[in-house]
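So for the sequence shown, this note's numbering puts the first residue at 1159; every next one is plus one.
C-beta: ideal position from N, C-alpha, C; glycine also.
The structure appears below as structure tokens.
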Amino acid sequence: MSGRMRSGLRGEEMNGKNQAWRNLELLMAALMALAGFMWGQAAVAGQDQDYSKVQIKATKVSGNIYMLQGAGGNIAASIGEDGIVIVDDQFAPLAEKIQAALKELKITDKPVRFVINTHYHGDHTGGNAPFSNTGSTVIAQDNVRKRLESGGTAGNGGAIKMESKPADKAALPIITFEHDVTVHLNGEDIRALHFPAGHTDGDSIIFFPKNNVVHMGDDFVRYGFPFIDVTSGGSVQGMISAMEKATAQLPADVKVIPGHGDISNLDDVRAFTKMLKETSAVVEKAIAEKKTLEQMKKEKILAPWAPKWNGDFVNEDAFIETLYNSLTGHKGEFVKRN
Ligand SMILES: [Zn+2]
1159 MSGRMRSGLR
1169 GEEMNGKNQA
1179 WRNLELLMAA
1189 LMALAGFMWG
1199 QAAVAGQDQD
1209 YSKVQIKATK
1219 VSGNIYMLQG
1229 AGGNIAASIG
1239 EDGIVIVDDQ
1249 FAPLAEKIQA
1259 ALKELKITDK
1269 PVRFVINTHY
1279 HGDHTGGNAP
1289 FSNTGSTVIA
1299 QDNVRKRLES
1309 GGTAGNGGAI
1319 KMESKPADKA
1329 ALPIITFEHD
1339 VTVHLNGEDI
1349 RALHFPAGHT
1359 DGDSIIFFPK
1369 NNVVHMGDDF
1379 VRYGFPFIDV
1389 TSGGSVQGMI
1399 SAMEKATAQL
1409 PADVKVIPGH
1419 GDISNLDDVR
1429 AFTKMLKETS
1439 AVVEKAIAEK
1449 KTLEQMKKEK
1459 ILAPWAPKWN
1469 GDFVNEDAFI
1479 ETLYNSLTGH
1489 KGEFVKRN
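Set out below in structure tokens:
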């Protein structure tokens, strides 16, 4: 899998920084298709995703909040009298289609005034440059800007590894925050709250309190075992903590937009959190027993969770690696593979 991703980096016609993410997206698209989910028209065959074939599907979530799906992370959109605020923006070649899909809802002719990034990964921030070039202001947590600016490696410290180049200036968030920020538009206090060290070190969960909707970024996904970017400051403990803190302050009937996958509810989030806690406890116990990573894989210590959570993107072994590296503090680059 990592070989496929790395070989994708050789593509030339693509904007380099998005290439690895595009391949990640292909893998995820293949997974979603296998799992029987709708994944729009995202190409699943071959290395090159043809963005011209991607269709943007808009779904009403609640009130004036919509979810847009195409390729890459889910987009939340607040559309109303003051204009449009979106959360995440998928890939640069889709920006015009995203704009068109927002217009087609025929709610407002006003522009996308703000884009809030849930985290720095290219399948959530790839559209930053085209959106800022057409007048939107991009907002994100401090570490999102830092990681976009520097480029670097994303990965689980093992088989999953993706390189990104430093982003263009136009792609960098103009407004950054350390802990939280609120955008007061469309009669709502749209709040982005930073949860440290979960999927990455720059994750925000975005709350739409009036509409009772939340966008959880990639701290909560529906493609099975999650990707935790331990090389970008993510950790399973942080992801569990983010989910517990967020669910504690959300109404029971809140509508949850996951980073990837279908609209969910708090029971789905709780099942996900329970799996994270159980699997990390199993790996923690194995570490205490001085088992090696290789032994853990051979003994298939996550077998009880595999039927429900195993995925093509993050399979059982990749998740053991993730948990092992997260719990031992290994960041990947210097991990000795058994
Ligand atoms: Zn991500």
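- Taken through DSSP and simplified to helix, strand or coil, SER1290 comes out as helix.
- Taking a cut-off of 8 Å on C-beta distances, the region 1318-1327 does not touch the region 1365-1376, as fewer than three cross pairs fall below it.
- For HIS1277, the shortest C-beta to heavy atom distance toward ligand 1 is below 7 Å.
- Under the DSSP assignment, ARG1380 falls outside any alpha helix (DSSP H); it carries neither an H nor an E label.
- Annotation for ASP1376 indicates a beta carbon within 7 Å of some heavy atom of ligand 1.
- For ASP1338, the enclosing beta strand (DSSP E) stretches over residues 1338-1343.
- One Cα belongs to ASN1222, the other to LYS1255, and the distance between them is close to 20 Å.
- For HIS1488, the distance from the CB to the nearest heavy atom of ligand 1 is not below 7 Å.
- By the neighbour-count criterion, in which a residue is buried when 16 or more other Cβ atoms sit within 10 angstroms of its Cβ, PRO1462 is exposed.
- Cβ contact annotation for THR1295 (same chain, cutoff 8 Å, sequence separation greater than five): ARG1271, PHE1272, VAL1273, ILE1332, ILE1333, in chain order.
- Taking 3 residues as the minimum length, the beta strand (DSSP E) runs contained wholly in the region 1398-1461 are 1413-1415, in order along the chain.
- It is roughly 15 Å from the alpha-carbon of GLY1228 to the alpha-carbon of TYR1381.
- By the neighbour-count definition (other C-beta atoms within 10 Å, threshold 16), GLN1213 is an exposed residue.
- Sorting GLY1375, GLU1239, LYS1466 by C-alpha distance to the C-alpha of ALA1350 places GLY1375 at the top.
- By the 16-neighbour rule on beta-carbons within 10 angstroms, ALA1446 is exposed.
- In this structure, the CA atom of VAL1243 is about 5 Å from the CA atom of SER1236.
- ILE1233 places its beta carbon less than 8 Å from that of ASP1246.
- Between LYS1403 and PHE1353, the gap from beta carbon to beta carbon is short of 8 Å.
- For GLY1360, the Cβ stays outside the 7 Å cut-off from all heavy atoms of ligand 1.
- The region 1435-1454 makes no contact with the region 1290-1304; the number of CB pairs closer than 8 Å stays below 3.
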